[in-house]
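With the numbering used here applied, the sequence shown corresponds to residues -6 to 151, in that order. From the three backbone atoms N, C-alpha and C, an ideal C-beta is built for every residue, glycine too. Read the structure below first, then the notes.
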Amino acid sequence: MKAMMKPALDNDDWQPCPPGLLGGMVQKARRRRRHEVLNRGLAAALLVVLTVWGGVFVASRHQGQGEFDFGGITCSRVRALMPEYMAGKLDVPTSESIRQHLAQCPDCGQLMERMRQQMPAAASMESGPPVIGEHRPGGVDSDLVPRWRDSFAVAVAD
């Protein structure tokens, strides 16, 4: 095997380091490294926060939750007054403002349409509880009531 030849170092050019110089250089390098890691972490955290905020902002815009002022009345006010509007319980100026708003606002217009579609079911519930013997569509047939009454009387008597 060939012996590795080491280059000859000229030790005359080297001078001894003053005490603490190498330790100071190591500490400085460590501080620089900590700052770099901290800056990268802060940049990543800021990026995450901005991404989440942007996502929430965009999502809220696409859900139709905007507050518009069509017809001189805001969406939140129209939504709060929709049941009274549908029942015809509002004064004429308010009803007219809501009518104009619904004609111009697609979100409130869609909500009103959904409420109107559900209104027949709600109207049948508003008329109160069924009375025995009264015939209602989908309610209790009056010809069955005497049989139920007889069965109930027998069950109570036992």
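Pairwise C-alpha distance: residue j and residue i
{"i": "C10", "j": "R26", "result": "24 Å"}
{"i": "E77", "j": "T44", "result": "42 Å"}
{"i": "L40", "j": "F50", "result": "15 Å"}
{"i": "A73", "j": "G48", "result": "28 Å"}
{"i": "R37", "j": "L95", "result": "According to the sequence provided, residue 37 is Ala. The question's Arg does not apply to it. Going from the Cα of A37 to the Cα of L95 covers about 45 Å."}
{"i": "Q97", "j": "T67", "result": "12 Å"}
{"i": "P12", "j": "E29", "result": "28 Å"}
{"i": "L14", "j": "D5", "result": "20 Å"}
DSSP three-state assignment for residue i, whether helix, strand or coil
{"i": "K82", "result": "coil"}
{"i": "D5", "result": "coil"}
{"i": "G13", "result": "coil"}
{"i": "T87", "result": "helix"}
{"i": "T67", "result": "coil"}
{"i": "D62", "result": "coil"}
{"i": "C98", "result": "coil"}
Residue i and residue j closer than 8 Å at C-beta
{"i": "G64", "j": "S90", "result": "yes"}
{"i": "M112", "j": "M75", "result": "no"}
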